[in-house]
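One structure is given below, encoded as structure tokens.
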Amino acid sequence: MSIGPAGHVARSTVRPHSETTRRTPLRTFLHTDDGVTIDSVYDPRAVVYDASRPPAGDLVFVVAHGFTGDVDKPHVRRVARALTRHGAVVTFSFRGHGASGGRSTVGDREVLDLAAAVRWARELGHARVATVGFSMGGSVVLRHAALYGGRGGEQGERGERTGVDAVVSVSAPARWYYRGTAPMRKLHWLVTRPEGRLVGRYGFRTRIHHREWDPVPMPPVEAAALIAPTPLLIVHGDRDGYFPLDHPRTLAAAAGDHGELWLEPGMGHAEHAAADELLGRIGDWAVGRAG
Numbered sequence: 055m056s057i058g059p060a061g062h063v064a065r066s067t068v069r070p071h072s073e074t075t076r077r078t079p080l081r082t083f084l085h086t087d088d089g090v091t092i093d094s095v096y097d098p099r100a101v102v103y104d105a106s107r108p109p110a111g112d113l114v115f116v117v118a119h120g121f122t123g124d125v126d127k128p129h130v131r132r133v134a135r136a137l138t139r140h141g142a143v144v145t146f147s148f149r150g151h152g153a154s155g156g157r158s159t160v161g162d163r164e165v166l167d168l169a170a171a172v173r174w175a176r177e178l179g180h181a182r183v184a185t186v187g188f189s190m191g192g193s194v195v196l197r198h199a200a201l202y203g204g205r206g207g208e209q210g211e212r213g214e215r216t217g218v219d220a221v222v223s224v225s226a227p228a229r230w231y232y233r234g235t236a237p238m239r240k241l242h243w244l245v246t247r248p249e250g251r252l253v254g255r256y257g258f259r260t261r262i263h264h265r266e267w268d269p270v271p272m273p274p275v276e277a278a279a280l281i282a283p284t285p286l287l288i289v290h291g292d293r294d295g296y297f298p299l300d301h302p303r304t305l306a307a308a309a310g311d312h313g314e315l316w317l318e319p320g321m322g323h324a325e326h327a328a329a330d331e332l333l334g335r336i337g338d339w340a341v342g343r344a345g
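Each residue of the sequence shown is one higher than the one before, counting from 55 in the numbering used here.
Below, the structure written as structure tokens:
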């Protein structure tokens with residue numbers, strides 16, 4: 055399933071004028087480089103005056119949800135609403151989730167889905183892009199930044215930037231195949247067993263690919279070491295039931311001086327556990343770091 059070096063991502067089916075889209079919500083299907091349709095939503099920045107917050111300018115957040123989430127799930131919409139106080143927001147459903155096409159590869163080819171969403175954000179006229187990923191999405195934003203480059207990074211076939219200006223990874227694993235907690239053992243059953251994939255399809259609206267990774271994609275800890283000089287924020291709860299604290303600490307150690315680690319007291323796992331206050335701090339961090 056794994057991809058090689060970062061490839062070209064096709065344009066979206068909608069080419070709206072940037073001066074209109076930055077004020078108007080939009081919904082469309084994007085097309086990834088491997089031909090998967092991705093259900094995507096654009097929300098402009100909320101008109102909220104708050105002198106205590108730095109100006110967002112042309113910043114857009116691209117939100118990568120966790121496994122079994124999708125663009126219409128209430129917890130994903132809540133994250134989007136919170137971040138619109140700081141900039142525009144693009145949300146999307148990973149392949150195999152919700153109305154998107156294809157099947158989930160649980161963090162492997164999903165990097166192409168994120169690349170399509172980042173490209174759309176730039177097509178809409180945004181010069182600064184911050185990716186914010188949760189759990190599986192947290193591993194995807196790390197790999198995307200490592201593969202596609204950051205500030206002044208790689209360019210696409212038409213000269214457009216493919217990288218991002220800041221990366222936020224929330225509740226992400228540092229390494230693959232972790233089974234050290236009961237929730238992760240259940241997740242592996244869901245992904246690897248035929249009966250588990252049926253539960254995923256009909257219980258969580260998530261269609262999971264039956265093939266194993268071949269080759270195994272770059273581990274998140276290796277990706278974290280390749281993101282510099284793009285600013286990186288790693289956020290993790292000290293009550294995360296999926297991944298214990300050695301995961302964020304390993305990611306932070308790999309990131310070195312360009313990374314920042316927030317260990318949140320009392321926080322559980324991913325979007326459901328991310329309070330609005332935390333999302334506000336993440337928004338402020340991105341506005342201040344994204345150039």
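For every residue, glycine included, the Cβ atom is placed at its ideal position computed from N, Cα and C.
For residue i, collect the residues of the same chain with a Cβ closer than 6 Å to its Cβ; drop the 5 residues on either side in sequence, then sort them by chain order.
i	result
A308	V275, A278, A279
G291	E318, M321, G322, A327
V222	V186, L287, I336
A340	A184, A220
A181	D112
H54	Any property of residue 54 remains undetermined from this structure, which presents the chain solely from 55 to 345.
Could you check whether residue j and residue i sit closer than 7 Å to each other, using their CB atoms as the reference points?
i	j	result
R99	T138	yes
A170	G192	no
V172	Y96	no
V194	R149	no
A136	D330	yes
A142	V125	no
L244	G254	yes
A228	L168	no
L166	D88	yes
Do you know offhand how far residue i's Cα is from residue j's?
i	j	result
G334	L317	16 Å
R152	T159	According to the sequence provided, residue 152 is Gly. The question's Arg does not apply to it. Their Cα atoms are separated by approximately 14 Å.
L196	I262	22 Å
D268	W230	13 Å
V117	F258	19 Å
H312	G342	14 Å
R212	R163	Residue placement at R212 is flagged as unreliable, the pLDDT there being 42, under the threshold of 50; a coordinate-derived value is accordingly withheld.
S189	G161	10 Å
H129	L315	23 Å
T122	E249	16 Å
G345	F83	29 Å
T246	L252	11 Å
R131	H140	15 Å
H85	K127	21 Å
E177	D294	36 Å
Quickly, what does DSSP pair residue i with across the bridge? List them, please.
i	result
L168	DSSP lists no partner for L168.
I92	L84
W316	V289
T8	It is not possible to answer for residue 8, since the shown part of the chain is limited to 55 through 345.
V144	Y96, V116
S158	I262
H151	T260
Beta-carbon within less than 7 Å of residue i's beta-carbon, same chain only, minus the 5 sequence neighbours each way: which residues are those?
i	result
A348	Here the chain covers residues 55 to 345 and nothing more, so residue 348 does not appear.
V218	V172, V183, A184, T185, A199, G204, T284
A175	V114, V116, V144, V183
M238	Y232, Y296
G120	F188, S189, M190, G191, A324, E325
G156	V90, R149, G150
For the ligand PLP, I want to know if residue i counts as a neighbour, meaning its beta carbon is within less than 6 Å of at least one of the ligand's heavy atoms.
i	result
G123	Ligands in the displayed structure: none, and consequently the ligand PLP is not present.
Less than 8 Å between C-beta atoms, sequence neighbours within five positions excluded: which residues of the same chain meet that for residue i?
i	result
P298	G234, T235
L332	V289, E318, M321
P79	V95, Y96, D97, P98
P108	Here P108 scores only 49 on pLDDT, less than 50, and its place in the model is too uncertain to base an answer on.
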